Amino acid sequence: MKSLLLLFPFMLSACCWEHQIALHPGDASINRSSICISSSGGKNLSGYALDARTLDNHYAERDLVVSETVNARTPYCFKLNLDSYMEYTLYYELDDVNYTVQFITDNSPIVYTKAYSN
């Protein structure tokens with residue numbers, strides 16, 4: 001129940017974005033084994049990176065960077081295995097706008113902490 005309450009503010013803000021970070025199109029979530037980025041407007045995904053650190057601030061060696069352009073009208077997915085008790089920051093760019101999503105993992109479903117664009 002606690003994790004559902006923590007997700008509620010993010011779900012409200014995700015409804016009004018031009019695009020979504022989704023496990024499936026229209027589903028604003030990140031799965032422990034994959035992340036999908038989609039856009040209803042057919043924006044181009046020109047790059048992404050995923051940084052990870054432990055909750056006690058030791059950085060982990062998990063960076064994923066791509067420099068290819070992808071039409072995000074169809075969700076673009078990449079696979080990964082998210083570890084427990086980590087803080088992740090996903091950076092990506094859609095049509096020259098940079099976006100950042102920060103989330104943490106424990107032994108329960110992922111909890112979003114921040115999502116914003118620059």
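Be aware that the sequence shown starts at 1, since it is given in full-length UniProt numbering, and climbs by one per residue.
By construction, the Cβ of each residue, glycine as well, lies at the ideal position given by its N, Cα and C atoms.
On a predicted model such as this, the values are computed, not experimentally measured, just so you know.
Taking only three categories from DSSP, how would you classify residue i?
i           : result
residue 85  : coil
residue 37  : strand
residue 43  : coil
residue 55  : coil
residue 142 : Limits of the chain in this structure are 1 at one end and 118 at the other, which puts residue 142 out of reach.
residue 30  : coil
residue 105 : strand
What residues match up with residue i in a beta bridge as DSSP calls it?
i          : result
residue 98 : 93
When you compare each of the options to residue i by their alpha carbons, which one comes out closest?
i          : options         : result
residue 89 : 55, 96, 107, 75 : 55
residue 94 : 43, 101, 58     : 43
residue 75 : 37, 30, 47, 46  : 37
residue 32 : 49, 81, 48      : 81
residue 46 : 58, 57, 97      : 97
Keeping to the same chain, check which residues put their C-beta closer than 6 Å to that of residue i; ignore five residues upstream and five downstream.
i          : result
residue 52 : 60, 62, 86, 88
residue 34 : 77, 79
Might you give, ordered along the chain, the residues of its own chain that have their beta carbon closer than 7 Å to the beta carbon of residue i, omitting 5 neighbours on each side?
i          : result
residue 84 : 105, 106, 107
residue 27 : Unreliable positioning characterises residue 27 in this predicted model, as indicated by a pLDDT of 38, which lies under 50. A coordinate reading is not provided.
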